[in-house]
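Student: This is the structure, below, for whatever I ask next.
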Amino acid sequence: MSDPLTQVFAALADPTRRDLVARLTDGDATVGQLAAPYRVSVQAISKHLKVLEQAGLVSRSAESHRSPVHLEAEVFDLMTKWIERYQQRAEARYERLDAVLAEMDDEAAGHDPTREETA
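Quick note: our numbering has the sequence shown finishing at residue 145, numbered continuously throughout.
Right, here's the structure in full:
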């Protein structure tokens with residue numbers, strides 16, 4: 027997976043990794059601190075962090091359980107831009123649908139918006 031966006035979404039597909047990212051939004055933490063609430067080994071959390079690191083979501087200054095893990099928040103800009111692009115497209119489709127439905131309502135009510143009514 028060489029595409030950065032694919033790597034990010036794949037890394038965040040796992041609920042444990044999403045939870046780790048959420049916890050890192052509060053600040054840097056060591057692997058031991060991150061592993062504490064889970065019923066898995068520190069090594070298992072290290073493997074999750076390695077996936078997040080390969081996706082560019084976190085960074086570590088050293089391969090030690092005592093070194094802090096840092097959330098690389100700018101990676102979320104890539105995701106946000108991708109999501110916003112499709113959100114804008116969806117909103118445009120909904121606006122077109124609203125216009126068609128409004129036109130259908132007018133026609134059903136016997137009102138032709140293209141014809142001027144005289145009083």
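Even for Gly, the Cβ is constructed at its ideal location relative to N, Cα and C. None of these values were measured; they are calculated from a predicted model.
Tell me whether Leu78, by its Cβ, gets closer than 7 Å to a heavy atom of the ligand NAP.
Tutor: Ligands in the displayed structure: none, and consequently the ligand NAP is not present.
Student: Just reading off the beta strand (DSSP E) that Ser85 is part of, what are its end residues?
Tutor: Along the sequence shown, read from residue 1 onward, the residue named residue 85 stands at position 59. It spans 84–86 - the beta strand (DSSP E) in which Ser85 sits, taken as one unbroken run.
Student: Under 8 Å between the Cβ atoms of Val47 and Leu83?
Tutor: Within the sequence shown, the letter at position 21 stands for residue 47. Within the sequence shown, the letter at position 57 stands for residue 83. Contact: yes.
Student: For Leu50 and Ser28, what's the separation of their Cα atoms in angstroms?
Tutor: As a first step, residue 50 is located in the sequence shown; it is residue number 24 there, counting from the start. As a first step, residue 28 is located in the sequence shown; it is residue number 2 there, counting from the start. Approximately 25 Å, taken between the alpha carbons.
Student: Starting from Pro30 and walking both ways along the beta strand (DSSP E), at which residues does that stretch end?
Tutor: Here the question's residue 30 lines up with position 4 in the sequence shown. Here Pro30 belongs to no beta strand (DSSP E); instead the alpha helix (DSSP H) covers 30–37.
Student: Buried or exposed for Ala81, please, with buried defined as at least 16 other CB atoms from any protein chain shown within 10 angstroms of its CB.
Tutor: Your numbering for residue 81 matches position 55 in the sequence shown. Its Cβ being crowded by 16 or more others within 10 Å, Ala81 is buried.
Student: Using 10 angstroms around the beta-carbon of Val126, count the other beta-carbons present and answer buried if the total reaches 16, otherwise exposed.
Tutor: By one-based count along the sequence shown, residue 126 stands at place 100. The residue is exposed, with fewer than 16 neighbouring Cβ atoms inside 10 Å.
Student: Where are the alpha helix (DSSP H) runs, 4 residues long or more, that stay fully inside the segment 43–111, in chain order?
Tutor: Counting only runs of 4 or more, we get 57–61, 68–80.
Student: Would you kindly work out how many angstroms separate the C-alpha atoms of Arg65 and Val101, rounded to a whole number?
Tutor: In the sequence shown, the residue the question calls residue 65 occupies position 39. In the sequence shown, the residue the question calls residue 101 occupies position 75. The straight-line gap from Cα to Cα measures roughly 29 Å.
Student: Which of the three DSSP states is assigned to Asp40 in this structure?
Tutor: Position 14 of the sequence shown, counted from the first residue, corresponds to residue 40. Reduced to three states, the DSSP call for Asp40 is coil.
Student: Contact defined as beta carbons within less than 8 Å: I believe Pro30 pairs with Ala55. What is the distance between those atoms, to the nearest angstrom?
Tutor: On the sequence shown, residue 30 is found 4 positions in, with the first residue counted as 1. On the sequence shown, residue 55 is found 29 positions in, with the first residue counted as 1. Contact doesn't hold; Cβ gap of about 24 Å is too wide.
Student: Between Arg86 and the rest of its own chain, which residues show a CB-CB distance below 6 Å, the 5 nearest in sequence each way excluded?
Tutor: Indexing the sequence shown from 1 puts residue 86 at position 60. So the list reads Ser93, Val95, once near-sequence residues are dropped.
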